[in-house]
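**Q**
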Amino acid sequence: MPVRVGIFGYGTIGKRVADAVLKFSDEFELVGVVKPTPDYEAEIAVSKGIKVYTYSDKLKDFEKLGIPVAGTAEELLDKVDVVIDATPGKVGKEMKEKYYAPRGKPAIFQGGEKADVADVSFNALANYDRAVGAKYIRVVSCNTTGICRLLASFLLHGLKIRKVRVYLVRRGADPKEHKRGPINDVVPDPVTVPSHHGPDVKTVIPEINIVTMAVAVPVTLMHLHMVNIEFETNVTREDIIRMLEETPRIMLVPTGKRMDSIAQLIEWARDIGRYRNDIMENCIFEGSITVVDGNDVYLSMAIHQESIVIPENIDALRAMFKLADKWTSIEKTDKVLGLITSGKKYKF
Ligand code: NAD
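Start counting the sequence shown at -8; every next residue gets the next number (this note's numbering).
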């Protein structure tokens, strides 16, 4: 019997998680999604055969626009084994208290929630095993996921990290967010140091020495991280490239093929026919990888905020229900979702 899944929140993350869950019908059944608003996204969900549920005080709004509803949020909860919460940041905690916990439903939350919403903050490469059998799991944010994957690559290869410094250029808004900015500014976001990303990475990899700073810019495409990692021992550029090449979900972007910016990466994703131009892999610009003084490594990587956490949501489901071990889960997720790094030979 597949695990029955309900998704609360059908926005940027929720709709991608829904599409992903549908691809693993041998393990999971998408029973439905909860949407408070009757809009074009609800209509598209229905057109894809996804059952839309809403809150009882919103039923009339859906009826007025002629968008069919399968039932109330409570009715969906009665039918599922687990909730994936993809509501806006901080709403998930309220939903847990009001809806999920009183009905004893396990839940997977997203990175906009504080770490204490869940038993474990999750990144598949870094700490899959900690989430096995957990009732509440938080898949960390897009930026934190990107950093955790990168650090996990080196830790899994046995390198010891002395310290990490990451300077994040954050996209100002997602493409659909017409009311967010900045539109003509570079905003220290936050102005204080460290930005929340460093402490968030520590919720997954507690022992790491990391400091992060961030600015937001007028871009909707991707984030760009400028990373500096100091290792305990010397490494070569070739070592670093080999380790990254061996790591799932990490893609090296070649130099000299006009893929030297986030706009070009997104165009590449469009041209190769990626649905919604999603790039679920960390994109590391190979030309940026530089070793200074033997153990000090620099690189730049782009993170597609809308899609990078989707594989982790699928792995979190498997970990919660003990359906597969870490590497089996990662391998299956990546193959079915069509990640370019799928089929890599791991040597960890
Ligand atoms: P979003 O605003 O695109 O989608 C959230 C959806 O939830 C909206 O459609 C909203 O109408 C709906 N909603 C609001 N309250 C609800 C409720 N009580 N019940 C059901 N639905 C409700 O937001 P998003 O970008 O998808 O973010 C969702 C979560 O994922 C947040 O925690 C966010 O921090 C995290 N996240 C976002 C990104 C990103 O870049 N967009 C990346 C990684 C993680």
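Ideal placement from N, C-alpha and C gives every residue a C-beta, glycine not left out. Only a predicted model underlies this, so the values are computations on that prediction, with no experimental measurement involved.
Quick one: give me the first and last residue of the alpha helix (DSSP H) that Tyr31 is part of.
**A** Tyr31 -> alpha helix (DSSP H) spans Tyr31 to Ser38.
**Q** Taking buried to mean at least 16 other C-beta atoms within 10 Å of its own C-beta, is Gly124 buried or exposed?
**A** Exposed is the call here.
**Q** Which stretch, first to last residue, makes up the beta strand (DSSP E) that contains Val206?
**A** Here the beta strand (DSSP E) through Val206 covers Ile201 to Val208.
**Q** Using DSSP's beta-bridge definition, name the partner residues of Asp76.
**A** According to DSSP, which records beta bridges pairwise, Asp76 is partnered with Phe(-1).
**Q** So, does the region 172 to 189 touch the region 250 to 260, judging by three or more C-beta pairs under 8 Å?
**A** Result no; under three Cβ-Cβ pairs closer than 8 Å.
**Q** Measuring straight from C-alpha to C-alpha, what distance separates His214 and Ala293?
**A** Cα-Cα distance, rounded: 6 Å.
**Q** Going by DSSP, what residues sit across from Leu290 in a beta bridge?
**A** Answer is Val218, bridged to Leu290.
**Q** My output table needs one value for Tyr337: the three-state DSSP class, helix, strand or coil.
**A** Coil at Tyr337, not helix or strand.
**Q** Report the three-state DSSP secondary structure of Gly23 (helix, strand or coil).
**A** In this structure, Gly23 counts as strand in the three-state DSSP scheme.
**Q** What residue from Val327, Tyr91, Tyr44 and Asp69 has the CA that sits closest to Phe15's CA?
**A** It is Val327.
**Q** In or out: Ser38 buried (at least 16 other Cβ within 10 Å) or exposed?
**A** Result: exposed.
**Q** Cβ atoms of Ala36 and Val24: under 9 Å apart, would you say?
**A** Closer than 9 Å, so yes.
**Q** Cβ of Asp165 within 8 Å of any heavy atom in the ligand NAD?
**A** At least one heavy atom of the ligand NAD is nearer than 8 Å to the Cβ of Asp165, so yes.
**Q** Evaluate contact between the region 224 to 243 and the region 272 to 289, counting only Cβ atoms and requiring at least three cross-stretch pairs below 8 Å.
**A** Cβ pair count under 8 Å is three or more, so yes.
**Q** Any chance you could list the alpha helix (DSSP H) runs of at least 4 consecutive residues sitting entirely within the region 40 to 111, in chain order?
**A** List check, alpha helix (DSSP H) in window: 50 to 56, 64 to 70 and 82 to 86.
**Q** Assuming Tyr119 and Ser252 are in contact, meaning their beta carbons sit under 8 Å apart, how far apart are those beta carbons, in whole angstroms?
**A** About 33 Å; that fails the 8 Å criterion.
**Q** From Ala143 to Arg161, what does the alpha carbon distance come to, in whole angstroms?
**A** Rounded to whole angstroms, Ala143 to Arg161 spans 22 Å at the Cα level.
**Q** Who are the near neighbours of Pro209 in its chain, counting only those whose CB is closer than 6 Å to its CB and skipping five residues on each side?
**A** Closer than 6 Å at the Cβ level, and outside the excluded window around Pro209, lie Gly163, Pro173 and Ile174.
**Q** How long is the line joining the alpha carbons of Arg7 and Ile301, rounded to whole angstroms?
**A** C-alpha separation (whole angstroms): 7 Å.
**Q** Could you tell me how far apart the beta carbons of Lys87 and Val108 are, in whole angstroms, since I believe they sit closer than 8 Å?
**A** About 6 Å; that satisfies the 8 Å criterion.
**Q** Assuming Phe344 is part of the beta strand (DSSP E), what are its boundary residues?
**A** Because the chain in this structure spans residues -8 to 339, residue 344 falls outside the shown range and cannot be described.
**Q** Just checking Tyr1 against the ligand NAD - is the residue's beta carbon closer than 8 Å to any of the ligand's heavy atoms?
**A** It does: the Cβ of Tyr1 is within 8 Å (strictly closer) of some heavy atom of the ligand NAD.
**Q** When you compare each of Val202, Arg249 and Val130 to Val157 by their alpha carbons, which one comes out closest?
**A** The candidate whose alpha carbon is nearest that of Val157 is Val202.
**Q** How would you label Tyr127, buried or exposed, when you count the other beta carbons within 10 angstroms and need 16 or more for buried?
**A** Under this definition Tyr127 is a buried residue.
**Q** Please tell me whether, using a cut-off of 8 Å, the distance from the CB of Gly103 to the nearest non-hydrogen atom of the ligand NAD is below it.
**A** Within the cutoff, so yes.
**Q** How about Val210: is its Cβ closer than 8 Å to a heavy atom in the ligand NAD?
**A** No, Cβ of Val210 sits at least 8 Å from all heavy atoms of the ligand NAD.
**Q** According to DSSP, is Pro(-7) part of a helix, a strand, or is it coil?
**A** Pro(-7) falls in the coil class under three-state DSSP.
**Q** Assuming Lys154 and Glu198 make a contact with CB atoms under 8 Å, what is their CB distance in whole Å?
**A** Actually they are not in contact, since the Cβ atoms of Lys154 and Glu198 sit about 12 Å apart, beyond 8 Å.
**Q** Three-state secondary structure (DSSP) at Ile321?
**A** It is helical.
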